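Have a look at the structure below before the remarks.
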Amino acid sequence: MRRLLLLVALALLAGCGGDETNEQYAGVARLDAERRAEKRATKAEDVDGTPLSRVEVSKGMTREGAEAWLVVYADTTGEFDDLCVWVNDTGVEGDDCPGYAGVTHATARVEGDAEATKREKELGVELEFVELRHGEAEGHAAWEAVYRDPSAEHEDLCVWIQTDPQDEQKNLITSDDC
1077 MRRLLLLVAL ALLAGCGGDE TNEQYAGVAR LDAERRAEKR ATKAEDVDGT
1127 PLSRVEVSKG MTREGAEAWL VVYADTTGEF DDLCVWVNDT GVEGDDCPGY
1177 AGVTHATARV EGDAEATKRE KELGVELEFV ELRHGEAEGH AAWEAVYRDP
1227 SAEHEDLCVW IQTDPQDEQK NLITSDDC
């Protein structure tokens, strides 16, 4: 009987916490998408001779509009643009991350982090990055970077990054509670 209870307990534990890695999207499990993207990123590292660090994994769309896991890698030297790897049931595609709202993915991350650092000083807390997604600010397309206070004492911070409509050489950064 003890043995049966132990086996049941182990079976239940084995099912806990694994759902996110087994989540299916675009015909591919998340864990498989991450593995396939890692192979593609390794090829890019070999070509450019620069180390890459995985920044995020999210559900996205290819440039052609097909559903795909989007795995983003940042160049740790800052010399190259971020690498976006799209993975779906039809294959793996990797390229420089496209810009959005006139701003590259890498620049949006840097600008969002700088704004979050200012808010951290104001609040006296350390915010954690949640995600960078396509959004809208004041009726215009903008990157939306979301940061969270792990203590849940403060509202999430949203930072919107876009090219300044008045001066295309500048970025317009706004922020507020989400």
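Heads up, our numbering is the position in the sequence shown plus 1076, with the first residue counted as 1. For every residue, glycine included, the Cβ atom is placed at its ideal position computed from N, Cα and C. Quick caveat: nothing in here was measured; it's all calculated off a predicted structure.
Sequence-distant residues of its chain with Cβ nearer than 6 angstroms to residue i (five each side left out)
i	result
residue 1132	1148
residue 1249	1187, 1191 and 1237
residue 1169	1162
residue 1221	1188, 1208 and 1235
residue 1153	1126
residue 1178	1239
residue 1138	1144 and 1162
Close Cβ partners of residue i (< 8 angstroms) along its chain, the five nearest in sequence each way excluded
i	result
residue 1091	Note that residue 1091 has pLDDT 42, beneath the 50 cutoff, so the model's placement of it is unreliable and no number is given.
residue 1173	1148, 1157, 1158, 1159, 1160, 1180, 1181 and 1182
residue 1098	1105, 1106 and 1107
residue 1241	1216 and 1248
Rounded straight-line distance, which links the Cα of residue j to that of residue i
i	j	result
residue 1245	residue 1239	8 angstroms
residue 1199	residue 1167	45 angstroms
residue 1119	residue 1229	43 angstroms
residue 1100	residue 1117	21 angstroms
residue 1184	residue 1155	16 angstroms
residue 1134	residue 1232	19 angstroms
residue 1189	residue 1223	9 angstroms
residue 1127	residue 1151	6 angstroms
residue 1216	residue 1196	27 angstroms
residue 1109	residue 1176	23 angstroms
residue 1226	residue 1213	25 angstroms
residue 1143	residue 1205	24 angstroms
residue 1219	residue 1130	19 angstroms
residue 1243	residue 1111	41 angstroms
residue 1254	residue 1193	16 angstroms
residue 1140	residue 1115	22 angstroms
residue 1102	residue 1113	14 angstroms
residue 1171	residue 1121	12 angstroms
Beta bridge counterpart(s) of residue i as assigned by DSSP
i	result
residue 1164	1167
residue 1210	1219
residue 1100	1105
residue 1136	1144
residue 1239	1247
residue 1130	1149
residue 1252	1234
Residue i classed as buried or exposed, judged by whether at least 16 other C-beta atoms fall within 10 angstroms
i	result
residue 1136	buried
residue 1163	buried
residue 1123	exposed
residue 1106	buried
residue 1247	buried
residue 1211	buried
residue 1202	exposed
Chain-order list of residues whose beta-carbon lies under 7 angstroms from that of residue i (same chain, five-residue window excluded)
i	result
residue 1252	1234
residue 1104	1145, 1163, 1164 and 1165
Any non-hydrogen atom of the ligand FAD within 6 angstroms of residue i CB
i	result
residue 1199	Of the ligands one can find in the structure shown there are none, so the ligand FAD has no counterpart to examine.
Which parts of the stretch 1177–1211 are runs of the alpha helix (DSSP H), unbroken and 4 residues or longer, counting only runs that do not cross its ends?
Taking only runs of at least 4 residues, the alpha helix (DSSP H) segments lying wholly in the stretch 1177–1211 are 1181–1199.
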